[in-house]
Amino acid sequence: MKINIVYKKEKGWFIGHIQEYPDYESQGKTVDELKENLIEIYNDINKGLVPDAEPFQLLEVAISKGPEADHWALLIGTGASNVVQKIII
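Using the numbering used here, you'd call the opening residue of the sequence shown number 13 and step up by one each time.
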């Protein structure tokens, strides 16, 4: 199992959420405590104990400079598929 945790340190606490479930935050005095708390939330979601929990979708965006100095390319895809759009700006 692999989950991505987004967190920050605020007033002596580590506050964060699972990337796919940003509505469910937790905290811990250490990163390990935060991780344990969020794994518990993730397990509860997978057991169906949080009935309204719906994962957010992940959109990956890569920005690269094109061959001409004033052109940039955005490569946009979803984490769940290989669909990629290229947009020149």
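Think of the CB as a built atom: it goes at the ideal place given N, C-alpha and C, for glycine as much as any other residue.
Anyone know if the C-beta pair for K20 and I27 falls short of 8 Å? Yes, they are a contact pair.
C-alpha gap between A74 and I17, whole angstroms: For A74 and I17, the distance between alpha carbons rounds to 20 Å.
What residues match up with G28 in a beta bridge as DSSP calls it? According to DSSP, G28 bridges with Y19 and S38.
Cα-Cα separation, P63 to D56: The alpha-carbon atoms of P63 and D56 are separated by roughly 10 Å.
For the alpha helix (DSSP H) holding K47, just list the boundary residues, first then last. Annotation for K47: the continuous alpha helix (DSSP H) segment containing it runs V43 to N58.
Buried versus exposed call for L71 [16 or more other C-beta atoms within 10 Å across all chains shown]: It is exposed - the Cβ of L71 has fewer than 16 other Cβ atoms within 10 Å.
For A65, the nearest candidate out of E48, T42 and E37 (CA to CA): For the residues E48, T42 and E37, the minimum Cα distance to A65 belongs to E37.
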